[in-house]
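Chains as they are written, first to last, in my numbering: chain P, 70 to 434; chain B, 70 to 434. Idealized CB from N, CA, C, for every residue including glycine. If you're wondering where the values come from, they're calculated on a predicted model, not measured in any experiment.
Here it is, written out as structure tokens:
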């Protein structure tokens, strides 16, 4: 705890940080509001130009008939799965064992909807067509998360997606996309969002990951699905009198950063290469397929933190603000590339990685 | 529909509007942000100084052990009732037939929690001690809404509240306060918020009614209750990565307007007096007990709209932006006093009411 405190402190004092867009401070909102006319009317319980325009824009972008803005992805995805369960009259859905719904939502889906879940694939790997084909239970919906965040942001190849989609359509299984990081994977697939989304019946996208907005999500699908989702949004207390702070920032940073996803992807590959060039470090995936990856070390967390702190102090480069214990003898952290990486001087960065490599060799790694 | 459109247009063109604080536009957020340092850190999934400080401030103000900030009252109140049902192991709650939960939430409480409800009192009047005493079913919790918004913002006398609270404590019924407009009723009761809240086990307050913030709510109670509510907040998808736009505006307008609730209350009495001085108009309540009241007319909606439009054009005073049909022969609207009333020139206001009185007399009211 103490060591970790030191790491955060040392990280905060670095001049350059390699990941993310910058601090999550109030300036993020202020910047988005700067050019907005104060006289612009707020949305009002889901109505009004500001929310309707953005919903239409995102529906078009995602190639879906309709879309609705939600305060959070958690809310929107539970609702999507509930609607598909009601539609199919089957109270069961399938997803990956490390799905956000399974590990980060305090079992909201089960507690609020009593929906049963089938966990497909092993936790450490992606869902493949075979997992879906040999699923023994009948489900209303299959949720695919692209990229699979908890295993470093891995992706199936596009043909696998197409075959899973075709299989689900044939079998009458609704296919939902957890696209929290959809913008970040388009450069790898070399597809437009609408083409990718055409494989799915419903799609959720987030505006505070790669896009870097304040909060908020869009759920997209056909009109009856979206109309039903608005009723559930009201039931959840998500139909706020005004969601405009989130809508404005979502739209602003969508416009600002959508075109930079290819850059973040290339930078992630470059940075992962620097990690993998160090003794005994492995990134997952080895070659990133989006702006993100995980960095795995086979040394105790405290030892790595000591090395990192000395690097931060010496080079002014902050690689990560935290390290998570994988086991007593191993640790890892997540890296998501954003605006910051481009500002990091390459010379200092290479020096930081040289120090990291040497530090690991020195402790006999 | 057309007429109504005309009323809104005419209303928007008036120079002075008697109700509310002003338009719900982006300036409301901008003003709250103006003096906030951009470097101030956002909250992060319910943690951080910005959210914790405000929660502590509101817990203290409401005289409760702990508090948690929610994106909406709908979410916070369903969760409060669910926790009390779980605590008491009784799946039933009681509230007024026109409670927000019963008529404005698409049955979220029932759909998400399968909680049964007992409707106390007739829709047109307040819940009295006798309604609680002679309730035939066993409930986990009684929700009281103060003031009862849908009947014009009426209040029981304080002794009734005390007796209901004492009865509930004796019988082991949890008492929850729907305090969406709690700030607005303190001048009538001449009580501090903490004293009023001491009658209740849990309290919800809103920041976009009398306070006039952008959105958001506080739920307050003892620590185990609040800790449990945070788990449900996560389940609902209400534990946003950042609620700071709402927290900042809630705090800003709380500081700005809390001291003005007495003024709004007096102005509501004055304005209701002007209405009741007109032929055939009745306000509910006759003498307001907060900043709000309803205005009832025994003429068809369209006829009233015609009169209002001519008043707006002649005097530049906007009395209401809408009229709701009560029946084919009657209509009504709600008035909530805020910052705007003080700016309305009294002479023009009296002229508007003279025209209203004459207009009603002319059509033989």
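(request) Enumerate in chain order the residues of its own chain whose CB-to-CB distance from residue 117 (chain B) is below 8 Å, with the five nearest sequence positions on each side excluded. (result) 110 and 111
(request) Would you mind sorting residue 384 (chain P) into buried or exposed? The rule is 16 or more other CB atoms within 10 Å of its CB. (result) buried
(request) Express the C-alpha separation of residue 317 (chain B) and residue 270 (chain B) in angstroms, rounding to a whole number. (result) 27 Å
(message) With a threshold of 6 Å on Cβ separation, who are the neighbours of residue 72 (chain P) within its own chain once the five nearest residues in sequence on each side are excluded?
(response) Residue placement at residue 72 (chain P) cannot be trusted, given a pLDDT of 47 that sits under 50; what the coordinates show is reported in the next sentence. Excluding positions up to five away in sequence, the list reads 371 and 374.
(request) My understanding is that residue 314 (chain P) touches residue 283 (chain P), with C-beta atoms under 8 Å, so please give their C-beta distance in whole angstroms. (result) 6 Å
(request) Determine the DSSP secondary structure at residue 187 (chain P), reduced to helix, strand or coil. (result) strand
(request) Use the C-beta contact count for residue 354 (chain B): other C-beta atoms within 10 angstroms, 16 or more gives buried, fewer gives exposed. (result) It counts as buried.
(request) Specify the secondary structure class of residue 72 (chain B) as computed by DSSP and reduced to three states. (result) Here residue 72 (chain B) scores only 47 on pLDDT, less than 50, and its place in the model should not be relied on; the value that follows carries that caveat. It is helical.
(message) Using beta carbons (cut-off 8 Å, strictly below), is residue 229 (chain P) in contact with chain B?
(response) no
(message) Using a Cβ-Cβ cutoff of less than 7 Å, which residues in the same chain neighbour residue 70 (chain P) once the five nearest sequence positions on both sides are dropped?
(response) Caution is warranted here: a pLDDT of 44 is assigned to residue 70 (chain P), below 50, making its placement in the model unreliable, and the coordinate value is therefore given only provisionally. For residue 70 (chain P), where only same-chain residues beyond five positions count, there are no Cβ hits under 7 Å.
(message) Considering just the uninterrupted stretch of the beta strand (DSSP E) at residue 275 (chain P), what are its terminal residues?
(response) For residue 275 (chain P), the uninterrupted beta strand (DSSP E) segment begins and ends at 271–275.
(request) Indicate the three-state DSSP secondary structure (helix, strand or coil) for residue 306 (chain B) in the structure shown. (result) coil
(message) For residue 366 (chain P) and residue 172 (chain P), I'd like the C-alpha separation in whole angstroms.
(response) 23 Å
(message) I need the straight-line Cα distance from residue 146 (chain P) to residue 246 (chain B), nearest angstrom please.
(response) A direct Cα-to-Cα measurement between residue 146 (chain P) and residue 246 (chain B) gives close to 31 Å.
(message) On the criterion of 16 or more Cβ atoms from any shown chain inside 10 Å, does residue 136 (chain B) qualify as buried, or is it exposed?
(response) buried
(request) Run the CB neighbour count on residue 391 (chain P), radius 10 Å, all protein chains shown included, and call it buried at 16 or more, exposed below. (result) exposed
(message) Give me the DSSP bridge partner(s) of residue 85 (chain B).
(response) B:386
(message) Can you tell me where the beta strand (DSSP E) holding residue 290 (chain P) begins and where it ends?
(response) 286–290
(request) In the DSSP assignment, find the unbroken beta strand (DSSP E) run with residue 245 (chain B) in it and report its ends. (result) 243–248
(request) Going by CA-CA distance only, name the one from P:125, P:275 and P:203 that's closest to residue 240 (chain P). (result) P:203
(message) I'd like to know whether the C-beta of residue 76 (chain B) is nearer than 8 Å to at least one C-beta of chain P.
(response) no
(message) What does the alpha-carbon distance come out to for the pair residue 178 (chain P) and residue 294 (chain P)?
(response) 18 Å
(request) Can you give me the Cβ contacts of residue 394 (chain B) inside the same chain, cut-off strictly under 7 Å, excluding the 5 residues immediately before and after it? (result) 370 and 400
(request) Using 10 angstroms around the beta-carbon of residue 279 (chain B), count the other beta-carbons present and answer buried if the total reaches 16, otherwise exposed. (result) A buried status is given to residue 279 (chain B), since no fewer than 16 other beta-carbon atoms sit within 10 Å of its beta-carbon.
(message) For residue 412 (chain P), count the other beta carbons within 10 Å of its own beta carbon; 16 or more makes it buried, fewer makes it exposed. Which is it?
(response) Exposed, since its Cβ has fewer than 16 Cβ neighbours within 10 Å.
(message) Mapping the DSSP letters down to three states, classify residue 232 (chain P) as helix, strand or coil.
(response) Correct three-state label for residue 232 (chain P): helix.
(request) Using DSSP bridges, identify the partner residues of residue 210 (chain B). (result) B:162 and B:243
(message) List, from N- to C-terminal side, the alpha helix (DSSP H) runs of 4 residues or more that fit wholly inside the stretch 93–159 of chain B.
(response) 95–102, 118–131 and 142–157
(message) Give me the chain B residues within the contact set of residue 300 (chain P), using Cβ-Cβ distance strictly less than 7 Å, ordered along the chain.
(response) 175
(request) Counting only the same chain and skipping the five closest in sequence on each side, list residues whose C-beta sits under 6 Å from that of residue 408 (chain P). (result) 90
(message) Would you call the stretch 415–424 of chain P in contact with the stretch 335–348 of chain P, where contact means no fewer than 3 C-beta pairs closer than 8 Å?
(response) A contact is defined here as three or more CB-CB pairs under 8 Å, and the stretch 415–424 of chain P meets this definition with respect to the stretch 335–348 of chain P.
(request) Starting from residue 405 (chain B), find everything on chain P with Cβ-Cβ shorter than 7 Å and list it in chain order. (result) Ordered by position in chain P, no residue passes the 7 Å Cβ test against residue 405 (chain B), which lies about 13 Å from the chain.
(message) Give me the chain B residues within the contact set of residue 250 (chain P), using Cβ-Cβ distance strictly less than 9 Å, ordered along the chain.
(response) Close to residue 250 (chain P), with beta-carbon spacing below 9 Å, lies no residue of chain B; the smallest spacing is near 14 Å.
(message) Check for me: the alpha helix (DSSP H) holding residue 315 (chain P) runs from which residue to which?
(response) It spans 313–326 - the alpha helix (DSSP H) in which residue 315 (chain P) sits, taken as one unbroken run.
(request) Return the first residue and the last residue of the beta strand (DSSP E) that residue 403 (chain B) is part of. (result) 399–405
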